[in-house]
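See below for the structure under consideration.
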Amino acid sequence: MASASTPISAFAPWTQFYIYMHFAEIETLQVNETREFSVSVNGEFVSERYSPKRMAMETIFYSTKQCEEGLCIIELSRTSKSTLPPLMNALEIYYVIELPQLKTNQDDVLAIKSIQNTYGVSKVNWQGDPCVPREFLWDGLNCDNLENSMPPIVTFLNLSSSNLTGIIAPAFQNLTHLQELDLSNNNLTGEVPEFLVDIKSLLVINLSGNNLKGSVPQALLKKKGLNLITHDGNPDLTCAGKPCVNKTDGSKKKNVVVPVVVSVVFVVVLGIAVVFFFVFKRKKTENSQGPSVCTQAPDPITTGSSEPVAVKMLSHSSSQGYKEFKAEVELLLRVYHKNLVGLVGYCDEGENLALIYEYMANGDLKEHMSGKRGGSILNWETRLKIVVESAQGLEYLHNGCKPPMVHRDVKTTNILLNEHFQAKLADFGLSRSFPVEGETHVSTVVAGTPGYLDPE
């Protein structure tokens, strides 16, 4: 490892703790049931009588300087009125560690914080110092002076496709060392501000894919060495009274290459799609029989359908064989629930096997929890919703299907999220059937990767 971050003193006391306790009632209480309890930290009451709200997340915050030897004692005690025990959904405890590296240039910090607040940017790691430690550099930022004695400065800012709305905020001009600024594919409105000229080091500005209007300032158009990208989108934006094109050397050549490349890619993709539909023919498709238990899967794949799907291919090198593939199809075709990823069709042509699933736009839960998707932070209400919906999917497999099914591989990569962040369990087709009470047969055809096995 080339570098590392360490505290100023290995023996420095932890003098300040920040405690966040998250609560939500996830059970439906009967008329004669009550859940009420006190919350205390190190013997000091934070709340003497607290009752969580039904399916609504609440957070109790507490800050203390007294945690002997780093041990904080948190107590939840049922009151005399309560008929149910206390509960807590999540707990976070933070403490401050001072690092020896120089902090980011204060003007840059104030500017980027102002931009964050103006547009409500909620990227997963946009907290703490923007540039240090280097390992925790904010997404979309690049910084300079990370290795010398000068405070780090922000030189690159990418906020493309970040749902920005409104005008281009004045705070951008305070990032005086910025070399590249990408604000493309948002919903920015208003005019292109002239203050962008004042950022002396700026080399690239990408404003394409917005709803900007008016005329680009002449000073910006004439700025030497600046690559100004505005031509894509922004139908009401003009440059010197004419439609805008890229302000860069060789722009004409690039404008010719782009449509040619796009055309070639389109032809290739179209060719692949045609081959796919002619080579792979779907077999055994049946219409949905409604919401009854374990009905056949719905059949939305028709000629001309524009709905995106996810295709799982069975390769020749796959450890999953033909029998396992058929078993998976037979299981999936009879399972339909709002919290299970639906099978919309399959292809079986000789050695070419494929499953066609509904497309889950927001990927899997692991990507969001680890911050790898670089999207918005999952708040606690959304996390609770995902937990409940995942549990409902499991409950259906256990009690709604006849015979019941064990998922056998529950993990965050198998909890997928659609465009509305609705959770659906995937890979349950690699499950096994088990008999209901009184039966003896158990299917031994089991596939999948080792994971969490339901305790039943």
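Heads up: the sequence shown begins at 1 in UniProt numbering, then just goes up one per residue. Even glycine gets a Cβ: it sits at the ideal position worked out from N, Cα and C.
A straight-line Cα-Cα distance of about 21 Å links L221 and N158. DSSP places H22 in the strand class (E or B) of the three-state scheme. Put simply, the backbone Cα of L397 is about 23 Å away from that of H420.
Judged by beta-carbon spacing, N89 lies within the 8 Å limit of H22, meaning their Cβ atoms are closer than that value. In this structure, F156 sits near L141, with a CB-CB distance shorter than 8 Å.
Rounded to the nearest angstrom, the gap between the Cα atoms of K65 and N414 is 41 Å. In the displayed model, Y62 falls within a strand according to three-state DSSP. Out of V388, M405 and A310, the CA that lies nearest to the CA of A56 is found in V388. Within the model, the alpha-carbon separation for S390 versus C401 is close to 16 Å. Counted as a single uninterrupted DSSP element, the alpha helix (DSSP H) harbouring D107 occupies residues Q106 to Y119.
G400 carries a helical assignment under DSSP once its states are collapsed to helix, strand and coil. Annotation: V124 to L196 spans about 28 Å, alpha carbon to alpha carbon.
Here L164 is near N187, since their CB atoms are less than 8 Å apart. Counted as a single uninterrupted DSSP element, the beta strand (DSSP E) harbouring E180 occupies residues E180 to D182. Of the other Cβ atoms in all chains shown, fewer than 16 fall within 10 Å of the Cβ of K200; this residue is therefore exposed. At a cut-off of 3 residues, the continuous stretches assigned as beta strand (DSSP E) that sit fully inside the stretch 42-103 are 44-50, 58-64, 74-78 and 90-95. Beta-bridge pairing by DSSP links T238 to S215 and P243.
F421 sits in coil when the DSSP states are folded into three classes, being neither helix nor strand.
For the 8 Å CB-CB criterion, A361 and K312 do not form a contact. Distance check between C131 and each of V41, V216, Y18 and Q101 places Q101 closest, using alpha-carbon atoms only.
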